[in-house]
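One structure below.
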């Protein structure tokens, strides 16, 4: 049993791979996620964008520098969420938003704080869902922000229920045709879907060795940019914006590589972004 849905059992994973992913995120407790979230109580599971503000870092003593860098990395990852929310379009207080692969719920809290609407999230990890729901209770917004243990390919929402939905660095864990078919189902007509994701660049030819390292590190399967656009076209999602965020995310990675909270994957991200084999994209699409 779990506090995610009182009185309901956690559904069994639909495949062995999904079970592996659930176990991976149930046991994940990296300082790069938790320590950054401790800055202001917004716990993200994605990366950052924007220029680094070096004023506080450069003025800090050696003893203070790490805390200043952590605070700056967290500011950049919250800035990434702000950019995603900017692309959801007009949202009313009586709308429902869906975060597919919601992690510990930081983006959901930010969405509710901006739009004052209902935000529903799904994750395979019971630990993540419980964490997110506890944060919502702590903030007094659990009436409007809820995490559920569910498969993003079979979301527990009615057809057409969502005004907007998103994947924030979570689409690399599933088949894109299945994922976009499900978003098209839960979205209202003309509803907006947004994804921010890393994808391999088909111009490069094949996934580079750096992309392969990222796949192995996170136990995921990174898709190509072409696959995203093709699967959207096949599932009634018409892109309205395709934005290359690669130059905007490099400063985050270069700063993160200087800290004690590195995870060992920083080199692969930096090198793949620099050589053009990997891209960081935002795609906003309308459901027709």
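Residue numbers (the working numbering): 2 to 289.
Where is the CB? At the ideal position from N, CA and C, for every residue including glycine.
Residue i - DSSP class collapsed to helix/strand/coil
i, result
"residue 272", "helix"
"residue 252", "helix"
"residue 238", "strand"
"residue 282", "strand"
"residue 213", "helix"
"residue 6", "Reliability fails at residue 6, whose pLDDT of 47 lies under 50, so the model's placement of it is uncertain and the value that follows must be treated cautiously. DSSP places residue 6 in coil when its eight states are reduced to three."
"residue 245", "strand"
"residue 82", "helix"
"residue 74", "helix"
"residue 43", "coil"
"residue 67", "helix"
"residue 267", "helix"
"residue 232", "helix"
According to DSSP, residues forming a beta bridge with residue i
i, result
"residue 100", "122 and 167"
"residue 287", "193 and 239"
"residue 225", "201"
Residue environment, residue i, which counts as buried when at least 16 other CB atoms sit within 10 Å
i, result
"residue 4", "Because the pLDDT of residue 4 is 46, which lies under 50, any placement of that residue in the model is unreliable, and the number read from its coordinates should be weighed accordingly. It counts as exposed."
"residue 129", "buried"
"residue 278", "buried"
"residue 190", "exposed"
"residue 236", "buried"
"residue 222", "exposed"
"residue 9", "Summary for residue 9: the model assigns pLDDT 42, below 50, so the residue's position carries little reliability, and this model does not support an answer."
"residue 155", "exposed"
"residue 101", "buried"
"residue 198", "buried"
"residue 96", "buried"
"residue 192", "buried"
"residue 105", "buried"
"residue 38", "buried"
"residue 280", "buried"
"residue 227", "exposed"
"residue 91", "exposed"
"residue 151", "buried"
"residue 17", "exposed"
"residue 119", "buried"
"residue 208", "buried"
"residue 147", "buried"
"residue 99", "buried"
Start and end residues, alpha helix (DSSP H) containing residue i
i, result
"residue 22", "17–28"
"residue 91", "Looking at the DSSP string, residue 91 is not in any alpha helix (DSSP H), and its letter there is neither H nor E."
"residue 57", "55–60"
"residue 36", "32–38"
Residue i at chain E interface by Cβ criterion, 8 Å
i, result
"residue 206", "No chain E appears in the structure shown, which is made up of a single protein chain."
Give the list of continuous alpha helix (DSSP H) stretches no shorter than 4 residues that lie fully inside the stretch 106–165. 107–116 and 127–140
To test your reading of the DSSP string, which unbroken beta strand (DSSP E) runs of 3 or more residues are found completely within the stretch 165–207? 188–201
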